[in-house]
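Below is one structure; the comments refer to it alone.
In this note's numbering, the protein residues as written are 14 to 277.
Following this line, the structure appears as structure tokens:
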């Protein structure tokens, strides 16, 4: 059966300019084509969902965007300027932050220490790095400000994150990404393994990031969550883009059909 056509997608506007673009992206692993001639636009102030079954190419795409993998061919642009993303450090320098399912948190450290792991503030700048003094109060105040601004509540700001609930740990990881992502926040299965209440808090956090005019990319299999928070959904199958749809009750079946490759 034929694949249904995608619903009309609103064009880029001054209020929601394109911040990240991918053109003609391809990536192979041996004989396996993980991405093939893939195009994508990510806009400020929008939540973009990347959808597809396992093996569709979602993980490969986000790993190319955050420097874990390099594209075999294609162009990545930030604000219309071609960029080279060869390492995760390159992606971070461009304002792209990613939160994976495993969160990459240090369970034995406090939120502040997790925020600034590898990015510690220290001075004075004229001293050799090994002799600089950590600016603990500045880092603590900045971490507290981000959590308060994003309305993230933790049971004890000075407790280690390993003692927090799954939802609280997820919120800390997302807030850390938001603190340093000047352009794009990528979230890989942000509500996986969370209960209803904790998922609700994470979804509210995603909407707050959008309200702060961040570009948010969400990779998820939770269709109900996708329908609730996403402004656009791009569907991948076999490494190709097979559709772009505005999520709604009317387009739900269309999106599922695009994912599985059948008709409606």
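Cβ coordinates follow ideal geometry from the N, Cα and C atoms, glycine included.
Are residue i and residue j touching if we call contact CB-CB under 8 angstroms?
i           : j           : result
residue 62  : residue 231 : yes
residue 229 : residue 223 : yes
residue 194 : residue 159 : no
residue 211 : residue 175 : no
residue 167 : residue 187 : no
residue 127 : residue 41  : no
residue 182 : residue 140 : no
residue 274 : residue 49  : no
residue 65  : residue 250 : yes
residue 271 : residue 242 : no
residue 170 : residue 124 : yes
residue 90  : residue 172 : no
residue 199 : residue 98  : no
residue 107 : residue 214 : no
residue 148 : residue 163 : no
residue 113 : residue 201 : yes
Just verifying my parser: in three-state terms, what is the DSSP assignment at residue i?
i           : result
residue 100 : coil
residue 92  : coil
residue 224 : helix
residue 31  : strand
residue 17  : Residue placement at residue 17 cannot be trusted, given a pLDDT of 40 that sits under 50; what the coordinates show is reported in the next sentence. Of the three classes helix, strand and coil, the one that applies to residue 17 here is coil, per DSSP.
residue 136 : strand
residue 217 : helix
residue 175 : helix
residue 205 : coil
residue 258 : strand
residue 264 : coil
residue 150 : helix
residue 83  : coil
residue 158 : helix
residue 167 : coil
residue 233 : coil
residue 241 : helix
residue 200 : strand
residue 112 : strand
residue 42  : strand
Name, in chain order, the residues that DSSP records as bridge partners for residue i.
i           : result
residue 253 : 250
residue 54  : 34
residue 75  : Bridge partners of residue 75: none, in fact.
residue 49  : DSSP, once it has assigned bridges, lists no residue as partnering residue 49.
residue 62  : 231, 246
residue 195 : None, per the DSSP bridge assignment.
With residue i and residue j assumed to form a contact (beta carbons below 8 angstroms), what rounded beta-carbon distance in angstroms separates them?
i           : j           : result
residue 111 : residue 79  : 4 angstroms
residue 70  : residue 29  : Not quite, the Cβ-Cβ distance comes to about 25 angstroms (not below 8 angstroms), so this is no contact.
residue 264 : residue 235 : In fact, because the Cβ distance is near 16 angstroms, the residues do not count as touching under 8 angstroms.
residue 55  : residue 32  : 6 angstroms
residue 268 : residue 246 : 6 angstroms
residue 87  : residue 36  : 6 angstroms
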